[in-house]
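Numbering-wise, our numbering puts 907 at position 37 of the sequence shown, and it's gapless, one number per residue. From the three backbone atoms N, C-alpha and C, an ideal C-beta is built for every residue, glycine too. Quick caveat: nothing in here was measured; it's all calculated off a predicted structure.
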Amino acid sequence: MANRFKNCLLIDDNYIDNFVTRKILEASNFADSITVVRSAQEAISALSAGIIKPDVIFLDVRMPGMGGFEFLEDYDKINIDKSGIKIFMLSSSLDPLDMRKSTDNKYITQFIHKPLTQKALEELSQ
Numbered sequence: 871m872a873n874r875f876k877n878c879l880l881i882d883d884n885y886i887d888n889f890v891t892r893k894i895l896e897a898s899n900f901a902d903s904i905t906v907v908r909s910a911q912e913a914i915s916a917l918s919a920g921i922i923k924p925d926v927i928f929l930d931v932r933m934p935g936m937g938g939f940e941f942l943e944d945y946d947k948i949n950i951d952k953s954g955i956k957i958f959m960l961s962s963s964l965d966p967l968d969m970r971k972s973t974d975n976k977y978i979t980q981f982i983h984k985p986l987t988q989k990a991l992e993e994l995s996q
């Protein structure tokens, strides 16, 4: 089975969550390449510099320093081709406001509750 995406970027400060998510993505042949960064600032820098060119991003909501929604504000300002990039908000947050802010954001394709599961991965918006 061919991979669905070429380059996947996982932005999450939690090592265990990254480990689990990466294993599920790898087992599913989700992407040719999976890059993990543990801070939103690092992701913005890498995206701005063209070091990372993902076609899919998994973004945690709550991270120290810059959270997922702050990432999206900076993401909106950087000068890169955003067409074709799907962003999935991946969070353990049960806050309805987080879910509403995600669905209202033009960059977010879908809000997914942690932990990412094989079933949730199969049900992602195409």
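Item: Whose C-beta lies closer than 8 angstroms to the C-beta of Gln-988 among residues of the same chain, with five residues either side of it excluded?; Value: Ile-894, Ala-897 and Ser-898
Item: Three or more C-beta pairs closer than 8 angstroms, one from the stretch 959 to 971 and one from the stretch 906 to 916: is that the case here?; Value: no
Item: Kindly list the residues whose CB is nearer than 6 angstroms to the CB of Lys-876, restricted to its own chain and excluding five residues on each side of it in sequence; keep chain order.; Value: Asp-902 and Asp-925
Item: In angstroms with no decimal places, state the Cα-to-Cα distance between Pro-985 and Asp-887.; Value: 7 angstroms
Item: Out of Thr-891, Leu-880, Ser-918 and Phe-900, which has the shortest C-alpha to C-alpha gap to Lys-947?; Value: Ser-918
Item: In whole angstroms, give me the CA-to-CA distance for Glu-940 and Asn-884.; Value: 17 angstroms
Item: Note down, in chain order, each residue of its chain lying with its Cβ closer than 8 angstroms to the Cβ of Gly-954, except the 5 sequence neighbours on either side.; Value: Asp-925
Item: Could you give the DSSP three-state label for Ile-957: helix, strand or coil?; Value: strand
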